[in-house]
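Structure first, then comments.
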Amino acid sequence: MPGPYVISDLSLLTTLPGKDAVVPASDQGYGVQCVGLVKYYSSCGATAVWKEGDLVGESPGLARGTAIATFDDTGKYRSAASGNHACFFISFMPSNTGITVLEQHVWPDPNKIQTRNIIYRGGRGDPSNDANAYSVIL
């Protein structure tokens with residue numbers, strides 16, 4: 803089913819932080835990865851079928867719980883060791899300085915789900931830490 807994809811239950815945006823990270827059955831060999839959270843709590847499927855949708859920063863009406871990710875120049879999700887990320891959108895930060903997301907990440911604690919603020923960095927640095935780099939997963 804084509805996206806956008808939304809978290810299965812919006813209350814999870816507030817109840818999951820601090821809980822143990824999840825690894826979908828299809829990803830058991832990879833351990834805790836950011837995509838595991840998105841795949842576990844939505845119907846987005848394998849990263850190989852993900853398509854890049856609208857940029858998050860250009861989507862002022864983006865729904866809470868929408869699955870978002872960083873994509874390469876060809877619109878594909880790169881499954882690389884760093885520089886790519888997938889998570890759920892929670893909100894835009896005050897004064898539109900970035901976004902708040904629900905994620906599981908290898909830093910600071912790879913075994914927990916957390917919320918994090920990601921600042922707009924205008925394409926500078928690691929895309930996973932730049933809110934400008936995130937698009938809706940289709």
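In this note's numbering, the protein residues as written are 803 to 940.
We put the beta carbon where it would ideally sit given N, CA and C, even for glycine.
Tell me residue i's beta-bridge partners as DSSP assigns them.
i: Gly-900; result: Ile-921
i: Asp-822; result: Lys-914
i: Leu-857; result: Ser-937
i: Thr-872; result: Tyr-936
i: Gln-906; result: Ile-915
Residue range of the alpha helix (DSSP H) that residue i falls in?
i: Tyr-843; result: 836-843
i: Leu-816; result: Checking the sequence shown, residue 816 turns out to be Thr, not Leu. Segment 814-817, the alpha helix (DSSP H) holding Thr-816.
Quick check on this structure: which residue in the options has the alpha carbon closest to the alpha carbon of residue i?
i: Ser-897; options: Lys-914, Ile-921, Arg-866 and Val-825; result: Ile-921
i: Gln-906; options: Asp-811, Gly-833, Pro-804 and Ser-810; result: Gly-833
i: Arg-880; options: Cys-836, Pro-806 and Asn-913; result: Cys-836
i: Met-895; options: Pro-806, Asp-911, Val-858 and Thr-817; result: Val-858
i: Ala-850; options: Lys-878, Lys-821 and Ala-935; result: Lys-878
i: Thr-816; options: Gly-925, Ser-937, Asp-911 and Ser-893; result: Ser-893
i: Thr-876; options: Gly-925, Pro-806 and Glu-854; result: Glu-854
i: Thr-868; options: Leu-940, Ala-935, Leu-814 and Val-808; result: Val-808
Can you tell me the Cα-Cα spacing of residue i and residue j, whole angstroms?
i: Thr-872; j: Ile-901; result: 13 Å
i: Pro-806; j: Cys-846; result: 8 Å
Residue range of the beta strand (DSSP E) that residue i falls in?
i: Phe-891; result: 888-894
Next on the checklist: Using a Cβ distance threshold of 8 Å, determine whether the region 876-889 contacts the region 921-937, with at least three qualifying pairs required.
Outcome noted: Taking a contact to require three or more Cβ pairs closer than 8 Å, the region 876-889 and the region 921-937 qualify as touching.
Checklist entry - Using 8 Å as the Cβ pair cut-off and three pairs as the minimum, do the region 839-847 and the region 816-830 touch? => result Contact between the region 839-847 and the region 816-830 is present, because at least three Cβ pairs lie under 8 Å.
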